[in-house]
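Novice:
Residue numbers (the working numbering): 30 to 349.
1. Buried or exposed for residue 158, please, with buried defined as at least 16 other CB atoms from any protein chain shown within 10 angstroms of its CB.
2. Could you give the C-beta distance for residue 122 and residue 151, rounded to a whole number, given that I count them as a contact under 8 angstroms?
3. Could you check the C-alpha separation between residue 348 and residue 314 for me, to the nearest Å?
4. For the structure I just gave you, are there three or more beta carbon pairs, one from the region 85-100 and one from the region 324-331, closer than 8 angstroms?
5. My output table needs one value for residue 32: the three-state DSSP class, helix, strand or coil.
6. Count the other CB atoms within 10 Å of the CB of residue 215; is the residue buried (16 or more) or exposed (fewer)?
7. Output the distance between the C-alpha atoms of residue 130 and residue 251, rounded to the nearest integer angstrom.
8. Determine the direct distance from the alpha carbon of residue 267 to that of residue 260, and round the result to whole angstroms.
9. Residue 47 by DSSP, collapsed to three states: which one?
10. Straight-line CA distance for residue 338 to residue 292?
11. On the DSSP bridge assignment, give the partners of residue 143 in chain order.
12. Please state the DSSP three-state secondary structure of residue 303.
13. With respect to the beta strand (DSSP E) encompassing residue 228, which residues constitute its N-terminal and C-terminal limits?
14. In whole angstroms, give me the CA-to-CA distance for residue 145 and residue 336.
15. Would you call the region 193-206 and the region 231-240 touching, i.e. three or more CB-CB distances under 8 angstroms?
16. Ignore the nearest five residues each way along the sequence and tell me which others in residue 137's own chain have a CB closer than 8 angstroms to its CB.
17. Given residue 139, which residues of its chain have a CB within under 7 angstroms of its CB, disregarding the five upstream and five downstream residues?
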């Protein structure tokens, strides 16, 4: 992990991992990332049509967000140049590269460990050349050309479970008749074997159960309930639950209002063995982790700790 991305876990002992073959290091194109403890992955959407983020989506705004995420404790910066929203048209690789390249270059200059969120080989190649270390493939490893690019660069790969093409929505209650966890285990084992043949070894792979992708809210919940079994694959597991539709369906909240539901899903996922927290609200995730770790006895809470007086109460209203 780069020096620019200071971990909030500097005083935290090793987390107990439920898998019998715990992954402690993730090998990437820019070195190893310590995944023995939770790692915050800060999302930067370099696209004007993000489903969850209505902030400044200009290049300058995205670069500003990179620095904010790093300052707030992100260990990995994930940059995407195409929205995964299904009712938006796909963009060509040239336009996607134009969107992400200056942001990747700025993040690399800041010393960040960078993940590129794409399913296009040309975009991945451009990002890796510019300093990215990881490819997050929402096509589920189905594009062998993309995996060859990752393998050739020695990149880490986020392997997401999906049975649909990118930017395709499918809600089929009869899908996964064998049970979604059994389906995912078979899916990942098959994909891991294929990736190994393309030069991407298991210690380079992060497993993502793919919340919402080709799944009803109930199917997503069932897949997350199976996280302990996915952790037994020996790869670190990404918790990509931030502001997802299943959270909105359960809470009846819009994306910007799904923070509490997101943190509930993260707490569950961490207790199951998940390690990479892919989030939009990095500062909130840092605070969540600090309290979560303290309550579990994973972080030091000094006997002399006291709250600073200036933050103990809200300041009085000036109009009273």
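A virtual CB, placed ideally from N, CA and C, is assigned to each residue, including glycine.
Keep in mind that this is a model prediction, so the values were computed, not measured.
Specialist: Reading from the atomic positions:
1. exposed
2. 4 angstroms
3. 33 angstroms
4. no
5. Residue confidence is low: residue 32 scores 40 on pLDDT, short of 50, so the model does not pin down where it sits. Its coordinate-derived value is still stated next. Three-state DSSP puts residue 32 in coil, outside helix and strand.
6. exposed
7. 37 angstroms
8. 10 angstroms
9. With a pLDDT of 36 at residue 47, under the threshold of 50, the modelled position of that residue is not reliable, and no figure is offered here.
10. 27 angstroms
11. 106
12. coil
13. Looking at the DSSP string, residue 228 is not in any beta strand (DSSP E), and its letter there is neither H nor E.
14. 39 angstroms
15. no
16. 143, 159, 160, 161
17. 33, 95, 96, 99
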